[in-house]
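Numbering (the numbering used here), first residue to last: 2 to 252.
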């Protein structure tokens, strides 16, 4: 890792993270992942568990408010541990549409409870709802190829940015979805449509890859992150091994 860049951008955030409580594919609890991220050197994390249309661990037969309460436990456990150890923990979620996934930031559990239509919305309706509430929609790993993704579908008009760096694709220690070409295509797509590029690790356990977005300053909230991305604030990206500028160029 480039120590000069780390000194200039010392505040590193994991923007794509799943917990055992709410994501069926995760292997560690919110508290366990929070501890691991603090030990690694992250300033903060966004808990982005799989929502209704993705690989959720929460019974879809539950009434909506109960479903949301159960869905939020991974975040709440991570937040409680983060408060104890000095790690900033922010809420987010990963929405799924038959394998096409979006990272949502800047909202909260109360907002989710107030929108029981979320399981039924289209990609376009999702964008409008999230924007009305001041949130951010990022297309997660848009060019990933996997059994659970029947086809690559792109929605440049209904997203605010693209996850161009996903550490599970390009970090040499990744044990799944390892194909750097997925990231290269995502970065090219973002450039073509002049969309902001973000980075995350797609963390599912305490075996961290170290990806994320790093800033010169400490973020105050999830809403602060939303504005930083939308306004083109100075930040850098990493897959845990290489550093990139906010346009996806290696630096």
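Note that the Cβ used here is the ideal one computed from N, Cα and C, for glycine as well.
Alpha carbon to alpha carbon, how far is residue 158 from residue 105? If I take the Cα positions, the gap works out to 16 Å.
Paired residues, beta bridge with residue 105 - DSSP: Answer by DSSP bridge pairing, in chain order: 94, 138.
Classify residue 80 as buried or exposed, calling it buried when 16 or more other Cβ atoms lie within 10 Å of its own Cβ. The residue is buried, with at least 16 neighbouring Cβ atoms inside 10 Å.
By Cβ distance, which residues of its chain are closer than 6 Å to residue 41, with the 5 residues on each side in sequence left out? Closer than 6 Å at Cβ, skipping near neighbours: 209.
Could you say if the stretch 169-176 and the stretch 122-140 meet the contact criterion of at least three C-beta pairs nearer than 8 Å? The way I'd put it, the stretch 169-176 doesn't touch the stretch 122-140; fewer than three beta-carbon pairs between them come closer than 8 Å.
Inspect the CB distances between the stretch 48-57 and the stretch 90-100 and report whether three or more fall short of 8 Å. Contact between the stretch 48-57 and the stretch 90-100 is present: 3 or more CB-CB pairs across the two stretches fall below 8 Å.
Report, in whole angstroms, the separation of the C-beta atoms of residue 10 and residue 216, which I expect to be a contact under 8 Å. A Cβ-Cβ separation of about 6 Å places residue 10 in contact with residue 216 under the 8 Å criterion.
My output table needs one value for residue 4: the three-state DSSP class, helix, strand or coil. Here residue 4 sits in helix by DSSP.
Between which two residues does the beta strand (DSSP E) holding residue 45 run? Its beta strand (DSSP E) spans residues 45-51.
Give every residue of the same chain whose Cβ lies closer than 6 Å to the Cβ of residue 161, excluding the five residues on either side of it in the sequence, and list them in chain order. Excluding sequence neighbours, residue 161 sits near 137, 138.
Would you report the Cα separation of residue 192 and residue 119, rounded to the nearest angstrom? In a straight line, the C-alpha of residue 192 is about 30 Å away from that of residue 119.
Using the Cα positions of residue 82 and residue 180, report the straight-line distance between them to the nearest angstrom. Whole-angstrom Cα-Cα distance: 33 Å.
Rounded C-beta distance between residue 231 and residue 214? I'm assuming under 8 Å. Contact between residue 231 and residue 214 is ruled out by a C-beta separation of about 13 Å, above the 8 Å threshold.
If you drop the 5 nearest sequence neighbours on each side, which residues of the same chain put their C-beta closer than 6 Å to that of residue 100? Cβ neighbours of residue 100 beyond the five flanking positions: 149, 150, 151.
Does residue 203 come out as helix, strand or coil in the three-state DSSP assignment? Coil at residue 203, not helix or strand.
Is the Cβ-Cβ distance between residue 35 and residue 90 less than 8 Å? Residue 35 is a Cβ neighbour of residue 90, given a cutoff of 8 Å.
In whole angstroms, what is the alpha-carbon distance linking residue 185 and residue 242? Straight across, the Cα-Cα distance linking residue 185 with residue 242 is about 16 Å.
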